[in-house]
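Protein sequences appear in the order of chains A and B.
Residue 969 in this note's numbering sits at position 14 of the first sequence, with consecutive numbering throughout.
Residue 456 in this note's numbering sits at position 230 of the second sequence, with consecutive numbering throughout.
For every residue, glycine included, the Cβ atom is placed at its ideal position computed from N, Cα and C.
Right, one structure below, let's go through it.
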Amino acid sequence: MKEKLNGKDLINIGIFSAIYFVIVFITAMLGMVPILYPMLTVICPLVGGVVYMLFLTRVKKFGMIWIMSILMGILMLISGMSWYALAIGVFSGLIADLIFKSGNYGSSVKGVLSHAVFSLWIFGNYLLFYLNHESYMKTREEMVGKEYVDKLNSLLPMWSWVVLLAATLIFGLIGGMMGKSMLKKHLSKAGIA
Amino acid sequence: MAQLLSADLKSRGLVLDPRSKLALMLSIVFFSMGGVGSDIKAVVLISKLLGLIPIILLLTAKQWKKALAYGGAYAVLTLVSLELLPVMNGGIKIFLTICCVGVLRFMPGLIMGAYILSSTTVSEFIAAFHRMHIPQQITIPLSVMFRFFPTVMEEMQAINAAMKMRDIRLFGKNAGKLIEYRLIPLLVCSVNIGQELSAAALTRGLSAPKKRTNICRIGFHLQDIAAFVTALSPAAVIICNRFEVIA
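What follows is the structure in structure tokens.
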């Protein structure tokens, strides 16, 4: 019983990916202020939740969430953010898809859960700071001095990836729930959700 | 973002294959941003040179303004971080260093992204993805997405203008309604437009089971070989270095 994705599904993925990416990208502009940069793991899943939940009402076959996640990774690579988003997105998208599939593509609890996992591609962009950290910092130390490196380490210590990961997951859940309630409030009435 | 992946074909100068652009991009995110192999002196040097490549590419594509703006910003930040920062001290120094170094780290990738998005067309990208044997399940949504970006942006600007009139804006009286009052209308109208777009695309046979053809002529030329050599050089240096260490 393997249903293949048809043209309409693929177009739907494209449309929702575009809306999702534009909204998240505009929000992520806040991250240009360096202090706010870690906060994006909180804001982006919150904002993306509505779009994702609306997307889920169109998902009835396996693979659609997965493809959207891969697309986000490809976009991040083409626009030069990092390749980690793609590496993470391939797996987190698959898991998110499997979670939603286990609820028979209709369970809203599973939908919220799958949004939390899907949001992990946002966290993926931060891996840049944690992998190859030691050797990178050593070259920086020659260039800008130990004082700066220490300061940066105290602002973004090695263990902080746990916090960012947890923030992405938790606010992914909250964003999913918010999205669900907004769908109920506005879009189901309008006949879109 | 409105001109995303819609290059002016006539006046873009040196043409690289989309695949070599991707190879350069990968090299930049791995070595220049990611700091892979930065314990080897030669790799650090090469990765710094890699950071200059996007600016050169922008120049070859005759995008003088962009090249000047990015190159200028890059030069100023480098100068500040090399000359000004060592003589300063205190909190300002740390703040400035974080800004400078952070931006400098991301800049090569972002400039390369700007170059790729402004010098390639969607069709070329899709053609390149086909040659790399990436399945249609990825390429069709990708092309729909790039087709749809300008539409979403346009709708968004219109909605933002309308909401500004009701004082629903950042730091406005009704800032709390910001997300809801902008997102929901955007979703509703984008989805409706999307349905029309989808019907139009299906009428033109997007879901046909045949293999799709593409009129874009992409292929490797001399400049692509140069691009690949540049992109692979840091990896080659690292491999040589590791090999020597073992042997």
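Chain-order list of chain B residues neighbouring MET984(A): empty, with the shortest C-beta distance near 11 Å, by a criterion of under 8 Å. ALA387(B) has its alpha-carbon roughly 43 Å from the corresponding atom of LEU275(B). With its beta carbon at least 8 Å from every one in chain A, GLN383(B) lies outside the interface.
Taking CB atoms only, ILE410(B) has a neighbour in chain A less than 8 Å away.
Of ILE279(B), VAL378(B), ILE320(B) and PHE397(B), the smallest CA-CA separation from GLY297(B) is found for ILE279(B).
For the set TYR1085(A), SER1143(A), HIS1141(A) and LYS1140(A), the Cα lying nearest the Cα of VAL1118(A) is the one of TYR1085(A).
DSSP places CYS442(B) outside any alpha helix (DSSP H), giving it a letter other than H or E.
Its chain contains no residue whose beta carbon lies nearer than 6 Å to that of ILE360(B) once the 5 sequence neighbours on both sides are disregarded. In the displayed model, ALA268(B) falls within a helix according to three-state DSSP.
The region 280-355 of chain B contains, as complete alpha helix (DSSP H) runs of 4+ residues, the segments 290-305 and 317-345 (chain order). CA-to-CA, the gap between SER1115(A) and GLU309(B) works out to about 32 Å. Residue range 404-429 is occupied by the alpha helix (DSSP H) that includes GLU406(B). Two segments are said to touch when three or more pairs of C-beta atoms, one from each, lie closer than 8 Å; by this definition the region 991-999 of chain A does not touch the region 452-465 of chain B. For the pair SER253(B) and SER1143(A), the Cα-to-Cα distance works out to about 46 Å.
Taking C-beta atoms under 8 Å as the contact rule, ILE1020(A) and VAL1002(A) fail to qualify, at a distance of about 18 Å. At a C-beta separation below 7 Å, ASN961(A) has these neighbours in chain B: SER433. The beta carbon of ILE974(A) is closer than 6 Å to those of VAL1006 in its chain, skipping five residues each way along the sequence.
Counting C-beta atoms within 10 angstroms of its own C-beta, VAL313(B) has fewer than 16 neighbours from the protein chains shown and is therefore classed as exposed.
Annotation: ALA299(B) to ILE337(B) spans about 11 Å, alpha carbon to alpha carbon.
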